[in-house]
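Protein chains in written order, with our numbering: chain A, 33 to 345; chain B, 45 to 514.
Structure follows, in C-alpha cells:
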C-alpha cells in the first residue's frame with residue numbers, strides 16, 4: 033500500500049475519533065451546566081483546555097460560557113479543532129484514500145459529512161444540542177462499524193486501527209490531565225458531592241461511567257477512577273488498552289512486512305512501563321507529570337509511525 | 045427541424061424506444077419525478093461529483109442526471125462501431141507515422157506547418173516505440189446525430205477522455221431505480237469496462253516488466269475536476285491511485301512509495317496532461333508529474349497511457365484533415381462523417397467565417413470542455429463583436445464549423461417530457477490485440493431548452509445510454 037494512503041487512513045481515523053471525543057466533551061460540559069450553577073465558567077474552560085485550543089479560544093471570545101464554547105468547539109470554521117473542521121478533514125482524507133476504503137465506509141463518511149454540514153450550518157440551539165451531539169457520535173460509530181464489517185484485514189485495516197488507538201490514548205490522557213486536580217487526594221473537598229459530580233464528568237468524558245459502575249460496584253474514589261482509565265485491560269479507552277493494542281498492531285506490521293519498525297521500539301517500552309506501574313506510586317510521584325510524559329511518548333510513537341511507513345517523502 | 049430520437053413527427057415512438065415508451069405510459073409522472081430525486085440523493089451520497097474551478101465555495105457539484113435513457117438499436121450501433129474502429133485504427137497509425145517516418149507529410153497529404161508549428165506535437169517522441177505499439181489506449185470519440193442515419197464525429201478525444209465513470213454509475217443508478225425495465229428490455233451490459241481496461245493496459249506492459257504488470261492511475265489530486273473518476277477507475281480495476289509525490293525514479297524504474305519501500309510500476313494510466321508529466325523534460329514548474337519519467341519511458345521502463353504526444357490528434361485544425369488521414373492509413377473512405385471545418389488560418393476561410401459568425405460555431409484549436417467557444421446562433425450581437433476581434437487578432441488559433449442540428453432525446457421536467465439536445469461519447473480501448481468498444485457510452489444532454497452546449501462545465505447533464513441487443 034502507498035505511504036500516502038497509510039497517511040490518509042491513519043489521519044482519517046484519528047480525526048473521526050477526535051470529532052467523537054470533542055462531541056463527548058461538549059456533552060459532559062453541557063450536562064454539568066444543567067446539574068449545577070456555580071463554577072460553570074471553570075468547567076467550560078477546562079473543556080476548551082482538554083480539547084487543546086485554549087489560546088485560540090481566548091483570541092476570539094472573552095467569556096468561557098456555554099454559548100461561546102459550544103459554538104467554538106462545534107462549528108467555528110476558523111478553529112481547526114472544531115468538530116466541523118475535524119470531520120471535514122476526515123472526509124477529505126477519506127476522499128484521498130477512496131481506493132483503500134470499501135464503498136460502505138466511503139458512503140457512511142460522506143453521508144455523515146453531508147448531514148453534519150447541515151446540522152452545523154447555523155448556531156445550535158440548546159434544545160437541539162443533544163440531537164446534534166448524538167448525530168456526531170453516531171456518524172463516527174457508523175463509519176467504524178462499516179469499516180469493521182467490510183474492510184479486508186490487511187495492512188490497510190491496521191493503519192486505520194493504529195490511528196484510532198493513538199488518538200484515543202491521547203484523548204483519555206488529556207481528559208485525565210485537565211482534571212487531575214480533582215483526582216488528587218489532597219483535593220480540598222474530598223468526598224463532597226462536588227467531587228462526585230466531577231468524577232462522574234471524567235468518566236462520562238471517556239464514555240466509561242457505566243463500565244466503571246459495573247466493575248467497581250458504584251464505589252468511586254479518585255484512585256479507582258484513575259486506575260480504571262489508565263490500567264483497565266478491558267476498557268477500550270484506557271491507556272493500557274490503547275497501548276497494548278497499538279503495540280500489537282506494530283508487531284503485526286513488522287511480521288507482515290518482514291522488517292522491523294522503530295515505532296515498535298518506542299511502543300514496547302511505553303507498554304512495559306505502564307504494565308510495571310501501579311496507581312499508588314503514580315499518585316506519589318505526580319499524576320500530572322505521569323500524564324505529561326505519557327502524552328509526549330504517545331505522540332512520539334505517532335510521529336515515528338509516519339517516518340517508518342513513509343507517510344510523506 | 046431537429047431529429048427527435050424518441051419519436052417521429054407523427055408522435056409514434058421510434059423502434060428502439062417502443063418498449064420503453066410502452067413502459068413509461070404505464071407509470072404516473074409523479075412517481076417518476078420521485079425517482080429523479082432518488083437518483084440525485086444516490087449521486088450525492090456516493091460522492092459522484094465534479095469540482096468546478098471557478099466556484100470557490102461550492103467546490104463539489106453534481107452533474108444533473110436524467111432518467112430517460114438514450115436508446116440505440118443494435119443495427120445502428122454495429123454501424124457506429126465499425127466507423128469508430130476505423131477511425132481509432134487510423135489515429136494510431138497516424139501517431140506512429142508522425143513520430144517516425146512521417147510518410148503522410150512526405151506524400152503531401154498534410155501540410156508540414158500543421159505539425160511543425162503545433163504545440164501538441166512532442167519532438168521528444170520521435171522514434172519512441174510505445175509499449176505494445178499503442179498510442180491511444182483509451183479514446184472517447186464524441187459523436188452527434190443530425191438525422192436518422194447521419195452521425196458526425198465532433199472530436200476524437202485521444203488524450204485523456206473523461207466521463208466513463210458516469211457511464212458506469214448512470215447504469216448502476218438505472219438498475220437500482222428501474223430493475224423491471226432491464227428484465228423486459230435487452231440492454232447490452234457495460235460492467236466489464238474496468239476489467240477490460242485493466243487487461244488492455246496489462247497487454248501494453250513495457251519490456252522492463254517481469255511477471256504480472258503493476259498498474260497505477262496517476263491523478264493530479266483531489267482538487268482536480270475529474271478526481272472522482274480517477275479514484276473510481278483505480279478502485280474498480282483494483283490498482284493504486286497515485287499522485288506525483290508518491291512516485292520517484294529509482295534504479296531506472298518509476299516506483300511508488302509504499303509502506304514497505306519503493307515498488308516499480310509497469311503501466312501508468314495518467315490523467316495528467318503531457319506538459320505536467322515530467323518537470324525535467326517538459327514544464328519545469330509542474331508539481332503534478334514525476335521528474336525523469338519520460339526518460340524511463342523512452343528506455344522501455346514504463347508504459348504511459350495514453351502515450352505522450354497523442355494530444356496532437358485532438359488538435360482541431362488537424363481534425364479537419366481526419367478524412368484524409370483515415371483514407372491514407374486504412375485505404376478506405378471514412379465510415380463516419382467529419383464536420384465540415386473552416387481553418388481560420390486560411391485567408392479565404394477566415395473571410396467566410398467573419399462574414400457568417402452568426403451561423404457558425406467557432407472553437408479554439410487547442411480548447412476543450414466547451415470553454416472559449418462561440419455558438420453563433422445563441423450569441424448576442426455584443427458577444428459576436430467581441431469574438432470577431434479575438435478571431436482577427438489570432439486567426440490561426442481558431443476553426444469554425446456549421447452549427448449542427450443536434451438530435452434530441454426528451455428529459456423529464458416538471459411539465460413532463462421535453463426534448464433536449466444530446467451528444468454521445470462511446471469509450472474505446474486499444475491494445476495490441478485490437479480495438480474494444482464498450483456497447484454504451486456517455487450521453488451528455490443540454491438541460492436548458494434550445495441549448496446546444498452539452499458540456500458539464502457549462503451546465504450539461506447526462507443520461508444512461510442503452511445499446512439494444514438483438
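Yeah, the Cβ is synthetic: ideal placement off N, Cα and C, and Gly gets one too.
- When the five nearest sequence neighbours on each side are left out, the beta carbons in the same chain lying within less than 7 Å of the beta carbon of residue 88/A are those of 111, in order along the chain.
- In this structure, DSSP gives residue 203/B a state outside helix and strand, which the three-state scheme calls coil.
- The DSSP-derived three-state label of residue 452/B is strand.
- In terms of Cα proximity to residue 81/A, the closest of 61/A, 136/A, 66/A is 61/A.
- Between residue 195/B and residue 381/B, the gap from beta carbon to beta carbon is short of 8 Å.
- Contact of residue 300/B with chain A by beta-carbon distance below 8 Å involves 34.
- DSSP, reduced to helix, strand and coil, places residue 331/B outside both helices and strands of the structure shown, so it counts as coil.
- Under the 8 Å criterion on CB atoms, residue 293/B is classed as non-interfacial with respect to chain A.
- Where residue 146/B is concerned, there is no enclosing beta strand (DSSP E), because DSSP gives it neither an H nor an E.
- The contact set of residue 128/A on chain B, defined by CB atoms closer than 7 Å, consists of 266 in chain order.
- Within chain A, the residues 131 have their CB atoms less than 7 Å from the CB of residue 285/B, given in chain order.
- Listed in chain order, the alpha helix (DSSP H) runs fully inside the stretch 342 to 388 of chain B are 360 to 363, 366 to 374, counting runs of at least 4 residues.
- Among the residues of chain B, those whose CB is under 7 Å from the CB of residue 142/A are 89, 91, following chain order.
- Shown in chain order are the members of the stretch 182 to 197 of chain A whose Cβ falls below 9 Å from a Cβ of chain B: 187, 191.
- Scanning chain A for C-beta atoms nearer than 8 Å to the C-beta of residue 279/B yields 130, 131, reported in chain order.
- Membership of residue 259/B in the beta strand (DSSP E) is indicated by the continuous run 259 to 262.
- Remark: three or more beta-carbon pairs, one from each stretch, lie closer than 8 Å, so the stretch 432 to 445 of chain B and the stretch 384 to 403 of chain B are flagged as touching.
- In this structure, residue 131/B keeps its C-beta atom at 8 Å or more from the C-beta atom of residue 186/B.
- Against chain B, a Cβ distance below 7 Å from residue 41/A picks out nothing, because the smallest value is about 10 Å.
- By the C-beta density criterion, residue 193/B is exposed, having fewer than 16 other C-beta atoms within 10 angstroms.
- For residue 180/A, there is no enclosing beta strand (DSSP E); the enclosing alpha helix (DSSP H) covers residues 161 to 182.
- When C-alpha distances from residue 313/B are compared across 473/B, 509/B, 109/B, the shortest belongs to 473/B.
- Comparing alpha carbon positions, the residue from 51/A, 34/A, 35/A, 38/A closest to residue 237/A is 51/A.
- With the criterion set as a beta carbon lying under 8 Å from some beta carbon of chain A, the stretch 315 to 335 of chain B has no members that meet it.
- Using a Cβ-Cβ cut-off of 9 Å, residue 342/A is close to 301, 302, 303, 304, 305, 306 of chain B, given in chain order.
- Here the stretch 444 to 462 of chain B lies against the stretch 491 to 502 of chain B, with 3 or more beta-carbon pairs under 8 Å apart.
- Chain-ordered, the chain B residues with CB closer than 9 Å to the CB of residue 38/A read 302, 303.
- DSSP, read as helix, strand or coil, puts residue 217/B in helix.
- For residue 124/A, a Cβ of chain B is located within less than 8 Å of the residue's own Cβ.
- Under the 8 Å criterion on CB atoms, residue 275/B is classed as interfacial with respect to chain A.
- In this structure residue 171/B is not in contact with residue 476/B, their Cβ atoms being roughly 19 Å apart against a cut-off of 8 Å.
- Taking residue 124/B as reference, the option from 442/B, 485/B, 443/B with the minimal CA-CA separation is 485/B.
- Residue state for residue 112/B is assigned as strand, using DSSP reduced to three classes.
- Annotation for residue 443/B: 360, 361, 364, 385, 386, 387, 388, 407, 409 place their beta carbon closer than 7 Å to its own, counting only its chain and skipping 5 residues before and after.
- Nearest C-alpha to residue 166/B among 379/B, 420/B, 509/B, 326/B: 326/B.
- Assigned with DSSP and collapsed to three states, residue 345/A falls in coil, not helix or strand.
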